[in-house]
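In what follows, a single structure is set out as structure tokens and then discussed.
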Amino acid sequence: MTSKKLVNSVTGCADDALAGLVACNANLQLLQGHRVALRSDLDSLKGRVALLSGGGSGHEPAHAGFVGKGMLTGVIAGAVFTSPAVGSILAAIRAVAQAGTVGTLLIVKNYTGDRLNFGLAREQARAEGIPVEMVVIGDDSAFTVLKKAGRRGLCGTVLIHKVAGALAEAGVGLEEITERVSVVAKAMGTLGVSLSSCSVPGSRPTFELAADEVELGLGIHGEAGVRRIKMATASEIVTLMLDHMTNPSNVSHVPVQAGSSVVLMVNNLGGLSFLELGIIADAAVRSLEGRGVKIARALVGTFMSALEMPGLSLTLLLVDQPLLKLIDAETTASAWPNVPKVSVTGRKRSRAAPAEPLEAPDSTAAGGVASKRMVLVLEQVCTSLLGLEEHLNALDRAAGDGDCGTTHSRAARAIQEWLKEGPPPASPAQLLSKLSLLLLEKMGGSSGALYGLFLTAAAQPLKAKTDLPAWSAAMDAGLEAMQKYGKAAPGDRTMLDSLWAAGQELRAWKSPGADLFQILTKAVQSAEDAAQATKNMEAGAGRASYISSARLDQPDPGAVAAAAILRAILEVLQSQGV
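Heads up, the sequence shown is in full-length UniProt numbering, so the first residue is 1 and it goes up one at a time.
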């Protein structure tokens, strides 16, 4: 079965892709009648060397993404994974020559079709009196024994575009640019790895991999690599790749050793997530620096892809300061990253965490009656939540990912561990603030954030007073914060329903002579009733709001958990005869 692709037609996809890029980039123009993109300021290049490159489509952003001041003058694109036509290459050479350039360098990846077609166009142009040189780039480090066809051209070609572009922009002549980039090309290597294949529009995947296999040493056209290895961690795969690339017994190795200075490219072959790419980049930096290699620059992104292939390539280029200056030179090419001109190795990558604000001394001595009572309350809350773990998870499976009980149990265990470290603050404001930080760090999920918000806001009214009116105000402040940032309202079938019901009852504490237990008991009962009532509500917030109400025939697990917490508090206070 062919793969799905968002194209207008299989035959026109390469033309459409190039047209879209040019339409959105004012620095580019199409050459009429050809699949060629040129700098829109071509006439400003009189007296300078032109740089042309290209190849099959499907490697985006290569090659057109690297057209611009300081990089390529233009590119010639073939159909997907197909060398461009000789006539289009020749037309591009003629176009830049007629614009007044003093010579053209063709930068060609080492593939038979590209060598033949660019080579033939070069010969025809030279026959017309146009000075044209050609460099063939082979940076593949996969093969341990040199093949007759030589090393394949891979992502390292982009670095040659950059070096040649900087030289051309500086006014260097054709012969010198050709010589210098030929030397640079011998000081780099690239190795690719992929989790699976890619598929040309209208076709099936080019190869199959078992679920526990990855392909090592593959090219950029969907062809298989040099060997298959078992799936491993990102760090292990990166280590294997760098070992292979730098092994002196490998005829295509890069002579990188301790003390070497390199430019590192971490290239997405098309289908790798940015998350994975970051993990790979971190592993590559750590592995190279662990070998004593200095990373002068690191380029991470998609530079030369193979359609949607979920894989990556690593490129190493040995550099000195003059070469690094060319890498750092300015360019307007849209796909070249804005890399700081600072060495990766040796740079301070972290800064000290901000100092915590000084806490006011606890007004009640640690270990006092109030502190011991708080320990009993928290222990009972934790016991209740741990006992409800499976029940809450079961309720959550109907509308979420089934982890509400796990999340609350994680919070309970974090509180238990915290209590082992010493008595909690006796000051209610400090206690709630500490619990807020603990839950924000340990509980996770939206529940952790909501409880953190609630406790942080509730702590504020308790800084001045701790009488019953202050506790009522604390409840109001917590509820207001939850609504402000959580965007839930009473009746939305969330944990807020239970807390809101309790909060309305607790406002009676603000009346003179209010009875603590009578009002708290009524508040807890209201919270439990509200939790049960959520089974008849249509979810208006949270993950459950995306689920059909017909499936929500059980109470909201967050509301049940909140009511259980209030019940545990009441039971301990009653047992203590507060």
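Using N, Cα and C, we set each Cβ at its ideal position, and we do this for glycine too.
Quantities reported herein were computed from a predicted structural model and do not represent experimental measurements.
Roughly how many angstroms lie between the CA atoms of residue i and residue j, to the nearest whole one?
i, j, result
"Val49", "Ser88", "19 Å"
"Val293", "Leu264", "11 Å"
"Val75", "Gly55", "8 Å"
"Pro357", "Lys348", "25 Å"
"Val524", "Pro354", "40 Å"
"Val181", "Ser446", "54 Å"
"Met241", "Gly278", "16 Å"
"Ala281", "Gly301", "10 Å"
"Glu390", "His408", "11 Å"
"Ala284", "Pro322", "24 Å"
"His257", "Met309", "According to the sequence as given, residue 257 is Gln; it is not His. In a straight line, the C-alpha of Gln257 is about 31 Å away from that of Met309."
"Gly222", "Lys484", "51 Å"
"Glu528", "Gln574", "18 Å"
"Ser203", "Val10", "10 Å"
"Gly422", "Arg413", "15 Å"
"Ala514", "Pro469", "9 Å"
"Val172", "Ala166", "9 Å"
"Leu516", "Arg373", "16 Å"
"Arg410", "Pro340", "42 Å"
"Glu505", "Gly486", "22 Å"
"Met134", "Leu90", "13 Å"
"Asn8", "Asn110", "31 Å"
With a cut-off of 8 Å, does the C-beta of residue i fall near any C-beta of chain D?
i, result
"Leu209", "Reference to chain D is not applicable here, since this structure consists of a single protein chain."
Going by alpha carbons, who is nearest to residue i out of the options?
i, options, result
"residue 580", "Leu506, Gln554 and Ser252", "Because the chain is modelled from 1 through 578, residue 580 falls outside the range shown and cannot be assessed."
"Ser436", "Ser44, Ala426, Gly448 and Gln483", "Gly448"
"Val67", "Glu223, Glu330 and Gly422", "Glu330"
"His161", "Asn117, Gly113, Leu106 and Pro205", "Leu106"
"Val193", "Arg228, Thr383 and Pro201", "Arg228"
"Gly346", "Leu324, Val319 and Arg286", "Arg286"
"Lys325", "Val163, Ser141 and Met475", "Val163"
"Leu154", "Ser305, Leu520 and Val254", "Ser305"
"Asp212", "Thr206, Leu195 and Thr494", "Leu195"
"Ala530", "Pro512, Lys510, Ala95 and Leu566", "Leu566"
"Gln532", "Asp556, Pro248, Lys522 and Trp509", "Asp556"
"Ala429", "Leu570, Gln32 and Lys465", "Lys465"
"Arg126", "Ala97, Trp336, Asn247 and Phe207", "Ala97"
"Val381", "Leu453, Ala564 and Gly100", "Ala564"
"Arg291", "Ser261, Thr383, Leu191 and Leu299", "Ser261"
"Ile137", "Gly452, Thr178, Asp497 and Lys4", "Thr178"
Per DSSP, what kind of secondary structure is residue i in: helix, strand or coil?
i, result
"Lys164", "Reading off the sequence, residue 164 comes out as Ala, not Lys. Ala164 falls in the helix class under three-state DSSP."
"Lys510", "helix"
"Ser446", "helix"
"Glu421", "coil"
"Val135", "strand"
"Ala411", "helix"
"Gly270", "strand"
"Gly290", "helix"
"Leu195", "coil"
"Asp252", "The sequence given here places Ser at residue 252; Asp does not occur at that position. Residue state, collapsed to three classes: coil."
"Ile220", "coil"
"Lys186", "coil"
"Glu215", "strand"
"Met265", "strand"
"Arg227", "strand"
"Asp140", "strand"
"Arg523", "According to the sequence provided, residue 523 is Ala. The question's Arg does not apply to it. In the structure shown, Ala523 sits in a helix (DSSP, three-state: H, G or I)."
"Arg351", "coil"
"Arg373", "helix"
"Ser203", "coil"
"Val572", "helix"
"Val238", "helix"
"Leu209", "coil"
"Arg39", "strand"
"Val10", "coil"
"Leu72", "strand"
"Ala550", "With a pLDDT of 41 at Ala550, under the threshold of 50, the predicted position of this residue should be treated as unreliable, though the coordinate-derived value follows. Three-state DSSP puts Ala550 in a helix."
"residue 579", "A question about residue 579 goes unanswered here, because the residues of the chain that appear run from 1 up to 578."
Inset, instruction - Taking 8 Å as the threshold, find out whether the segment 305-314 comes into contact with the segment 265-279 through three or more Cβ pairs. - result: When Cβ pairs closer than 8 Å are counted between the two stretches, the segment 305-314 is seen to touch the segment 265-279, the count reaching three or more.
Inset, instruction - State whether the segment 30-48 contacts the segment 149-160, with contact taken as three or more CB pairs (one from each stretch) at a distance under 8 Å. - result: Touching, no.
Inset, instruction - Only counting runs of 4 or more residues, tell me where the alpha helix (DSSP H) segments fall wholly within the segment 95-130, in order along the chain. - result: At a cut-off of 4 residues, the continuous stretches assigned as alpha helix (DSSP H) that sit fully inside the segment 95-130 are 112-127.
Legend entry - Whole alpha helix (DSSP H) elements within the segment 476-510, 4-residue minimum: DSSP runs (the alpha helix (DSSP H)) wholly in the segment 476-510: 495-506.
Legend entry - Touch test, the segment 170-187 against the segment 113-120, Cβ-Cβ under 8 Å, three pairs minimum: No: fewer than three Cβ pairs fall under 8 Å.
Legend entry - Segment contact flag, the segment 491-498 with the segment 531-538, C-beta cutoff 8 Å, min 3 pairs: Touching, per the Cβ criterion.
Inset, instruction - Note down, one range per segment and in chain order, each beta strand (DSSP E) of at least 3 residues found wholly within the segment 289-341. - result: Correct list: 294-301 and 311-318.
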